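Undergrad: Can you keep this structure in mind? I'll have questions shortly.
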Amino acid sequence: MKTMVANGVRGALTLLAFSFVFTALMAGTYALTKDIVAKNQEDAERALIAQVLPAGSYDNNLLADKKLVPKADAKALGNDDTSAIYLAKKTGKTVGAVIEATAPDGYAGKIKMLVGVAPNGQVLGVRVVDHKETPGLGDYIDAAISNWIDQFKGKSLGNPALERWKVKKDGGEFDSHAGATISPRAVVKALGKTLVYVDAHKAGLFGDAS
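Residues in the sequence shown are numbered consecutively from 1, following full-length UniProt numbering.
Written out as structure tokens, the structure is:
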């Protein structure tokens, strides 16, 4: 009986020792890698934001220079919660803003985007960063699938007029693929709303540059 109890205690202590060692190893690994993981994540975010800005057009840390859009105002951009606008600067002057926007009415759900806009209101670039659109049908809105999204570069509220910010099937300006118009229709509509938001807040975003 004593031997059984002793063996049981010995086994429990062994398991406890292993647990302590494993926990210590995990804690040590986290401590050694957390800064690397955080840096990799920041680098990925910067690279994604940079896709909607002309190369070499800015010299600041995009993640550091950002404005938060409160939840109430973020709804105008299609967002459900507080979102961010990243300001691109060159020698201290704001040369662009990258806006987090959402098209809530995609075929398969929300389509999240980054929209680069210049102080004069022109679109610098657009990227779809998250969507669930049907592969081979509506997913051509993704720059990894096609160059459809590039047609918005250089466009603005006046080029075309706001009422023309639609796909051609709906009497608007922009191309869409035959038989797959729900996804691009949602994107175009959201982009028009984003430009309206930027125009209404251009003084706060761009200051004298606007």
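Positions of the beta carbon are idealized from the N, C-alpha and C atoms, including for glycine.
Treat the numbers as computed from the prediction; the structure is a model and nothing was measured.
Determine whether the beta carbon atoms of Gln122 and Lys166 lie at a separation below 9 angstroms.
TA: Going by C-beta atoms, Gln122 is not nearer than 9 angstroms to Lys166.
Undergrad: From Asp175 to Thr23, what distance separates their C-alpha atoms?
TA: Using only the alpha carbons, I get a separation of about 56 angstroms.
Undergrad: In the structure shown, what three-state DSSP assignment does Pro54 receive?
TA: It is coil, neither helix nor strand.
Undergrad: Please classify Pro70: is it buried, with 16 or more other beta-carbons within 10 angstroms of its beta-carbon, or exposed?
TA: So Pro70 counts as exposed.
Undergrad: Could you have a look at Pro184 and say whether DSSP puts it in helix, strand or coil?
TA: Pro184 falls in the helix class under three-state DSSP.
Undergrad: Can you check whether the CB of Ala186 is closer than 9 angstroms to the CB of Tyr107?
TA: For Tyr107 and Ala186, yes; Cβs fall inside 9 angstroms.
Undergrad: Helix, strand or coil for Val66, going by three-state DSSP, please let me know.
TA: The sequence given here has Lys at residue 66, not Val. Three-state result, Lys66: strand.
Undergrad: From the DSSP secondary-structure annotation, give me the bridge partner or partners of Glu100.
TA: DSSP output for Glu100 lists Leu114 as bridge partner(s).
Undergrad: Could you tell me how far apart the beta carbons of Ala101 and Thr194 are, in whole angstroms, since I believe they sit closer than 8 angstroms?
TA: Confirmed, about 5 angstroms.
Undergrad: Leaving aside the five residues before and after Val52 along the sequence, list all residues of the same chain whose C-beta is less than 7 angstroms from its C-beta, in chain order.
TA: Only Val98, Leu114, Val115, Gly116, Leu124, Gly125, Val126 and Arg127 meet the Cβ criterion.
Undergrad: Nearest to Asp73 by CA position, among Thr134, Gly96 and His201, is which residue?
TA: Nearest option by C-alpha distance: His201.
Undergrad: If you draw a straight line from the C-alpha of Leu77 to the C-alpha of Leu68, how long is it?
TA: The straight-line gap from Cα to Cα measures roughly 12 angstroms.
Undergrad: Would you grab the beta carbon distance between Lys89 and Asp65 for me? Rounded to a whole angstrom, and I think it's under 8 angstroms.
TA: Right, their Cβ atoms sit about 6 angstroms apart.
Undergrad: Pick from Asp170, Asp139, Lys110 and Lys75: whose alpha carbon is nearest that of Tyr197?
TA: Checking every option, the nearest Cα to that of Tyr197 belongs to Lys75.
Undergrad: Note down the Cα distance separating Asp170 from Thr91, rounded to an integer number of angstroms.
TA: Roughly 43 angstroms separates the two Cα atoms.
Undergrad: For the beta strand (DSSP E) that Lys89 lies in, which residues bound it at each end?
TA: Lys89 -> beta strand (DSSP E) spans Ser83 to Lys90.
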